[in-house]
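Okay, so here's the structure we're looking at.
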Amino acid sequence: MLHKTKGIVISFVKYKETSIIVKIYTEIFGIQTYIENGVRSSKGKNKIALFQPLTLLDLVVYHDSKKEIHRISEIKCLYPYNTITVDIKKSSLGIFVNEVLNNSLKEHAENTPLFNFLEDSLKYLDQHEEQIENFHLYFLINYCFYLGFGPENEDDVVNQLQEHAIPVSSDEKKLLKDLIQQNFGSTLFINKHLRMRLLDLILTYYKIHVEGFGNLRSMGVLKEVLE
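Sequential numbering from 11 applies to the sequence shown in this note's numbering.
Put into structure tokens, the structure is as follows:
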């Protein structure tokens, strides 16, 4: 049966000579896997751009709940990025967000609030310039609410970290409070060292709650490009 849905590309791998198998987070089916033929041929070379990670898509898909791999009937770009693909800070943040999603999106079910949050977050990153260096911190704190372990306050995070023998300073605790209470784009007075330390703490909090949430390769890139 055919269904119309929006989607966010998570990853793809090459399959046979000209095809790919792509993982997409869809608005109405959650995380799903699709096979797309011919996109790596000379005729389909322009289409492969639609399957780059974090691309926002409008889709018409075949879906059979008994199958693990589905097919795409129609596809087009929902929102062309203007800055994420050309700005080194934003592209590095995009790589980080994509890796977080790859490690945490597991449900094969509709979750429209989560999809809307991810779509809005990516558009925000593309459209705004102020406080972008803290985007990933706000993203992580907001995202965990949709995954079911959002903290009521900073003490929820601190107590769980301390239970795992992770110390948290008073400055770090205050910054956690600010992140939980503020919205994207709010001014966060933080230096590079504290920003990376705070990121380490939040990712450890994720590891406590998300099974199989491993170390992120993109961390090294963020340390280089974020001031």
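Glycine is no exception: its CB is placed at the ideal position from the N, C-alpha and C atoms.
These numbers come from a predicted model, not from an experiment.
{"Check": "Cβ-Cβ separation, Tyr134 to His80 (assumed contact under 8 Å), whole Å", "Outcome": "Actually they are not in contact, since the Cβ atoms of His80 and Tyr134 sit about 30 Å apart, beyond 8 Å."}
{"Check": "Backbone secondary structure at Val23 - three-state DSSP", "Outcome": "strand"}
{"Check": "Cα-Cα separation, Leu64 to Val19", "Outcome": "5 Å"}
{"Check": "Where Asp91 falls: helix, strand or coil (DSSP)", "Outcome": "One point to set straight first is that residue 91 is Tyr, not Asp, in the sequence displayed. Tyr91 falls in the coil class under three-state DSSP."}
{"Check": "Stretch pair the segment 117 to 126 + the segment 166 to 176: three plus CB contacts closer than 8 Å", "Outcome": "no"}
{"Check": "As assigned by DSSP and simplified to three states, the class of Asp136", "Outcome": "helix"}
{"Check": "Per-residue DSSP class, three states only, for Val167", "Outcome": "helix"}
{"Check": "Simplified DSSP state of Gln141, which is helix, strand or coil", "Outcome": "coil"}
{"Check": "Residue environment, Pro177, which counts as buried when at least 16 other CB atoms sit within 10 Å", "Outcome": "exposed"}
{"Check": "Lys77 versus Gly40 - alpha carbon distance", "Outcome": "14 Å"}
{"Check": "Sequence-distant residues of its chain with Cβ nearer than 8 Å to Leu115 (five each side left out)", "Outcome": "Ile20, Tyr35, Gly40 and Ile41"}
{"Check": "Distance, Val107 Cα to Lys26 Cα", "Outcome": "29 Å"}
{"Check": "Endpoints, the beta strand (DSSP E) within which Glu46 is located", "Outcome": "Gly40 to Glu46"}
{"Check": "Limits of the beta strand (DSSP E) - the one that Val70 falls within", "Outcome": "Leu66 to Tyr72"}
{"Check": "The segment 81 to 97 / the segment 205 to 216 touching (three or more Cβ pairs under 8 Å)", "Outcome": "no"}
{"Check": "Backbone secondary structure at Leu81 - three-state DSSP", "Outcome": "The identity of residue 81 in the sequence shown is Arg, whereas the question assumes Leu. The answer is strand: DSSP assigns Arg81 an E or B state."}
{"Check": "Cβ-Cβ distance between Tyr215 and Leu171 below 9 Å", "Outcome": "yes"}
{"Check": "Expected contact under 8 Å - CB spacing of Val235 and Ile98 to nearest Å", "Outcome": "6 Å"}
{"Check": "Identified DSSP bridge partners for Gly160", "Outcome": "Paired residue(s): none; Gly160 is not in a bridge."}
{"Check": "Which of helix, strand or coil DSSP assigns to Ser101", "Outcome": "helix"}
{"Check": "Enclosing alpha helix (DSSP H) for Val231 [first to last residue]", "Outcome": "Met229 to Val235"}
{"Check": "Under the three-state DSSP convention, the category Val107 falls into", "Outcome": "helix"}
{"Check": "DSSP state of Ile176 mapped onto helix, strand, coil", "Outcome": "coil"}
{"Check": "Exposure of Glu162, with buried meaning 16 or more beta-carbon neighbours within 10 Å", "Outcome": "exposed"}
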